[in-house]
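*Asks:* The structure that follows is given in the form of structure tokens.
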Amino acid sequence: MGARAKIEEMLVQKYGVDAERLSPGATMSDLGLDSLSLAELVFDIEDVFGIDIPADEAEFTTFGEAVALVDRHLSTRES
Amino acid sequence: MPSRRVLVTGMGFVTPHGDDADLIFDRVYAGESAIRTIRSGREEVAADVLVGTADWSPDEVTPLQKVAMDPVAQMALVAARRALGQAGLDQHDETLSAAGIYMGCGLGGAESHEEGYDEYHRRSSRKVRPSIVPRVMANAPAAHISMTWGIRGPSHTFSVACSSSAAATGEAFRAIRDGYLDCALAGGAEAMLCAPILVAWEAMGVIAKEHPDGPAASVRPFDLARTGFALAEGAGVLVLEAEEHARARGATPLGEVVGYGATSDAFNLTQPSMEGQAQAMKAALADAGIDAEAVGYVNAHATGTKVGDIAEIHAIKEAFGAHAARLAVSATKSMHGHLVGAAGAVEMGLTLMGLARGRVPPTANLTDPDPECDLDCVPLLGRELPDLEYALSNSFAFGGSNVSLVARRVTD
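First to last, the sequence lines map onto chains A and B. Going letter by letter, the first sequence gives residues 2 to 80 in the numbering used here. Going letter by letter, the second sequence gives residues 33 to 444 in the numbering used here.
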């Protein structure tokens with residue numbers, strides 16, 4: 002499963018996000034996530050993808066940015 | 033400060049008998065035990081343990097809420113929703129923005145605590161889940177209830193083991209009676225049926241062994257064959273309101289809290305003291321301004337341990353004198369188990385419902401009364417008590433903290 006699909010699944014299943022609201026520009030706050038939920042999401046992403054996201058990179062605002070961040074880390078790991 | 037009557041206008045519970053207050057009472061009145069065994073622990077060390085698991089639907093809590101909520105807080109939220117629904121109060125009500133919340137909780141977010149430790153050791157990393165602290169903290173149930181319904185008065189969480197929610201109820205009662213608040217939610221929650229915690233309790237030799245007749249027959253307060261108690265999980269929330277306030281908004285009173293006594297044994301961490309318990313009951317009666325003879329029913333703390341049940345019988349005799357022989361005393365932990373942080377609130381709820389209906393639940397499994405427990409412990413069958421006006425609910429904790437609450441039927 003690609004990164005985007007996996008993150009989408011996590012948001013829908015664990016964070017109760019409505020799949021239809023998941024556009025690249027949808028902000029985490031639009032999707033109902035507060036700062037604690039966002040921190041938890043970053044932790045879950047690191048856990049699920051086996052990557053390490055430094056604190057300064059963890060401040061993505063939109064769904065699209067989250068996917069891009071994960072893709073970047075995955076490709077860095079593979080290279 | 034003028035003294036005011038404190039009415040109960042709503043009740044909500046999550047228990048091993050379900051989450052509908054009327055059905056819970058009916059099942060308990062019918063003598064039905066909800067105790068069962070679960071398989072607990074990892075393969076090599078797994079065992080069957082007698083427990084009361086909560087019969088409820090976690091689906092009432094949204095996924096996003098669950099991210100930051102241990103099951104203990106989730107159960108508290110559901111119980112609060114039921115109570116506020118019955119009281120006819122929602123988050124837009126000014127009553128709630130001025131209300132306080134008094135909750136009891138023994139161990140906080142036990143499941144989250146276990147997950148946190150597990151994760152730390154498994155990951156061998158200094159990075160752990162950020163939601164652990166908010167999920168583990170004992171004030172989480174109160175906090176989530178406050179946030180969900182906009183309760184902006186004081187939020188207090190009492191951690192007094194088995195008497196946590198009785199203490200919370202007593203303190204909320206006092207705050208309203210003495211004019212500090214017009215309304216408060218009072219109750220408690222506990223969800224600690226995790227394997228490492230269950231073995232810790234077993235290590236104290238207080239957990240019941242399975243009876244030949246099966247799990248439901250295994251918790252037997254006052255019975256000769258009693259071997260201890262079964263831990264249970266759940267929550268109870270009562271809505272307490274000053275009389276004028278309740279009447280002004282047309283709320284229907286379900287009962288009244290009239291007295292609260294709290295004492296410490298100053299004796300032993302796990303062994304009870306008859307004197308401390310008797311003193312709590314006497315203090316509650318004095319606080320209510322009634323004589324012992326006015327009470328018809330006592331919902332005993334009695335968990336089903338050899339020593340504890342006897343101590344309470346002696347304490348009741350000391351507190352009530354000759355009238356003790358005329359009391360109906362039942363131990364409902366025989367059916368719902370020991371809810372620890374939620375025990376006081378759930379048992380006070382059963383007591384209030386019994387008063388309103390003029391009938392009291394039995395002590396289940398009481399087939400062979402211990403001669404040392406020689407009061408009328410309402411064996412096996414519920415009892416109609418149409419003239420019942422006052423009742424007492426006891427909660428006696430490890431550490432020697434004793435709480436007695438006096439409830440009254442409301443007829444006006």
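The beta-carbon is built from N, C-alpha and C at its ideal position, and this holds for glycine as well. This one's a predicted model, so the numbers in the text were calculated from it and none came from an experiment.
(1) Would you check if there are 3 or more beta carbon pairs closer than 8 Å linking the segment 140-155 of chain B to the segment 403-411 of chain B?
(2) Say whether chain B places a C-beta atom closer than 8 Å to the C-beta of A/S30.
(3) Determine the chain B residues that contact A/I37 at a beta-carbon separation under 8 Å, and present them in chain order.
(4) Count the other CB atoms within 10 Å of the CB of B/K159; is the residue buried (16 or more) or exposed (fewer)?
(5) Could you tell me whether any Cβ in chain A is nearer than 8 Å to the Cβ of B/P95?
(6) Tell me which residue opens and which closes the alpha helix (DSSP H) that B/I446 is part of.
(7) Against chain B, does A/E41 count as a neighbour if the rule is that its beta carbon must be under 8 Å from one of theirs?
(8) In whole angstroms, give me the CA-to-CA distance for B/S427 and B/M313.
(9) Looking only at DSSP bridge pairs, what is B/H370 linked to?
(10) Provide the residue span of the beta strand (DSSP E) that contains B/I133, from first to last.
(11) In whole angstroms, give me the CA-to-CA distance for B/G431 and A/V13.
(12) Does A/G17 come within less than 8 Å of chain B when only Cβ atoms are used?
(13) Does DSSP put B/G206 in a helix, a strand or coil?
(14) Does chain B have any CB closer than 8 Å to the CB of A/G33?
(15) Would you give the residue range spanned by the beta strand (DSSP E) that B/T189 belongs to?
(16) In chain B, what lies closer than 7 Å to A/F44 by C-beta?
(17) Compare the C-alpha of B/H145 against each of B/G117, B/E276, B/D54, B/M101 and name the closest.
(18) Whole angstroms are fine: how far does the CA of B/L82 sit from the CA of B/E421?
(19) Taking 8 Å as the threshold (C-beta atoms), are B/H188 and B/A262 in contact?
(20) Counting C-beta neighbours from all protein chains within 10 Å, is the total for B/Q106 16 or more, i.e. buried, or is it exposed?
(21) Between which two residues does the alpha helix (DSSP H) carrying B/T302 extend?
(22) Tell me the start and end of each unbroken beta strand (DSSP E) in the segment 77-122 of chain B that is at least 3 residues and wholly inside, in chain order.
(23) With a CB to CB cut of under 6 Å and the five nearest residues on each side skipped, what residues in its chain are close to B/V46?
(24) Closer than 7 Å to a non-hydrogen atom of the ligand NAD - does that hold for the CB of B/M236?
*Replies:* Let me spell this out:
(1) They do not touch, by the three-pair rule.
(2) no
(3) Correcting the residue identity first, residue 37 of chain A is Leu in this sequence and not Ile. Simply V99, A100, P162, S163, P166.
(4) exposed
(5) Chain A places a beta carbon closer than 8 Å to that of B/P95, counting this residue as a contact.
(6) It is not possible to answer for residue 446 of chain B, since the shown part of chain B is limited to 33 through 444.
(7) yes
(8) 10 Å
(9) B/L263
(10) Note, B/I133: beta strand (DSSP E), 132-136.
(11) 45 Å
(12) yes
(13) With the sequence shown as reference, residue 206 of chain B is identified as Arg, and Gly is not the correct amino acid for it. Note: B/R206 maps to helix in three-state DSSP.
(14) yes
(15) Where B/T189 is concerned, the enclosing beta strand (DSSP E) stretches over 187-190.
(16) The answer, in chain order, is R161, P162.
(17) Of the candidates B/G117, B/E276, B/D54, B/M101, B/M101 places its Cα closest to the Cα of B/H145.
(18) Whole-angstrom Cα-Cα distance: 35 Å.
(19) no
(20) buried
(21) Neither: B/T302 is in no alpha helix (DSSP H) and is coded neither H nor E.
(22) 79-84
(23) Only residues of its own chain outside the window of five on either side were considered, and among them A86, W88, M107, V110, A111, G266, A267 have a CB closer than 6 Å to the CB of B/V46, listed in chain order.
(24) Because no ligand of any kind appears in the structure shown, any question about the ligand NAD cannot be addressed here.
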